[in-house]
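Worksheet: one structure, shown below.
Numbering (this note's numbering), first residue to last: 33 to 302.
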């Protein structure tokens, strides 16, 4: 799924994150989930789930009927009267979510909910707060909250190839980058012992993700396990050579040289 080994994001045990006490809440960072005023709503039809997912990515803004149609029927032959078919699906969705949940406009439809009620948008907002913060503790808090929103593969249960192709890869990359940044902050704070175990699981799920291997090697070395750190470098070096036909990136090679020379590893490499 992630483009770096095809492994799925680790699933949280907690249920879908709920953002508000009322209105429509849509969770897309994992198995599809929707609630209205904290009540679960079951959307059994795949196109209803896809329709709501599309609207939820732009809450409070018009999503044109043409855009909805192109995404809903991205594969196969669209119906003869596409606009009428979109209107029918919107009516069905409105009947399940509530009469005021979706507003009709001349060019399309608007999901009437706050951006904070959609986990994808909440995720992006928290990452922006983290990036803007000059306080490592505050940055870590924002990153941890953002990462906690993930429950599995994005758009799981949403039968829309268009959505998955246009959105999933970028979301997963943002997730992994945020995860690596949070781990970097933890390494700088001296949490290397707890990180060594976490990173062992992460590199198993993302076996070609070099920044995670780099961080694991640093954590192992900080734990006094230099021989194991060297062995792990050989694991990723041979894996990259076998699967991609290239050498590890320069930063990983520098870490290996430092390990061989007995030099202390810098967290700036993490």
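Yeah, the Cβ is synthetic: ideal placement off N, Cα and C, and Gly gets one too.
Leaving aside the five residues before and after residue 253 along the sequence, list all residues of the same chain whose C-beta is less than 8 Å from its C-beta, in chain order.
261, 291, 297
If you draw a straight line from the C-alpha of residue 277 to the C-alpha of residue 132, how long is it?
56 Å
Considering only their Cβ atoms, is the gap separating residue 251 from residue 220 smaller than 8 Å?
no
May I ask you to report which of helix, strand or coil DSSP gives residue 72?
strand
Helix, strand or coil at residue 139 according to DSSP, with G and I counted as helix
coil
Name the one or two DSSP bridge partners that residue 57 has.
67
So, helix, strand or coil for residue 167, using DSSP?
coil
For residue 139, is the classification buried or exposed, using 16 other Cβ atoms within 10 angstroms of its Cβ as the cut-off for buried?
exposed
Over what stretch of residues does the alpha helix (DSSP H) that includes residue 128 continue unbroken?
114 to 129
Own chain, CB closer than 7 Å to residue 73, minus 5 neighbours either side, in chain order:
66, 67, 128, 129
Can you grab the Cα-Cα spacing for the pair residue 137 / residue 93, in whole Å?
10 Å
Residues near residue 245 in its chain [Cβ-Cβ closer than 6 Å; skip 5 each side]
235, 268
Sort 270, 193, 172 by Cα distance to residue 223 and report the nearest one.
172
With distances taken Cα to Cα, identify the nearest neighbour of residue 177 among 116, 214, 107, 146.
214
Just to confirm before moving on: does the CB-CB distance between residue 187 and residue 85 stay below 8 Å?
yes
What number of angstroms, rounded off, separates the C-alpha of residue 149 from the C-alpha of residue 160?
17 Å
Answer with buried or exposed for residue 216, where buried requires no fewer than 16 other C-beta atoms within 10 angstroms of its C-beta.
buried
Relative to the C-alpha of residue 143, which residue among 100, 200, 238, 196 is closest?
100
Pairwise C-alpha distance: residue 60 and residue 53
For residue 53, the predicted structure reports a pLDDT of 46, less than 50, and the residue's modelled location is therefore unreliable. A value from the coordinates is still provided. Distance between the alpha carbons of residue 53 and residue 60 is about 18 Å.
Over the uninterrupted alpha helix (DSSP H) stretch that includes residue 247, give me the two end residues.
242 to 254
Cβ neighbour criterion (16 or more within 10 Å) applied to residue 287
buried
Where residue 265 and residue 183 are concerned, what is the direct C-alpha to C-alpha distance, given to the nearest angstrom?
30 Å
Compute the distance between the beta-carbons of residue 121 and residue 153, then report whether it is under 8 Å.
no
Mind checking whether residue 135 and residue 118 have CB atoms under 8 Å apart?
no
Rounded to a whole number of angstroms, what is the C-alpha to C-alpha distance between residue 69 and residue 57?
8 Å
Going by Cα to Cα distance, which pick from 208, 195, 270 is closest to residue 107?
195
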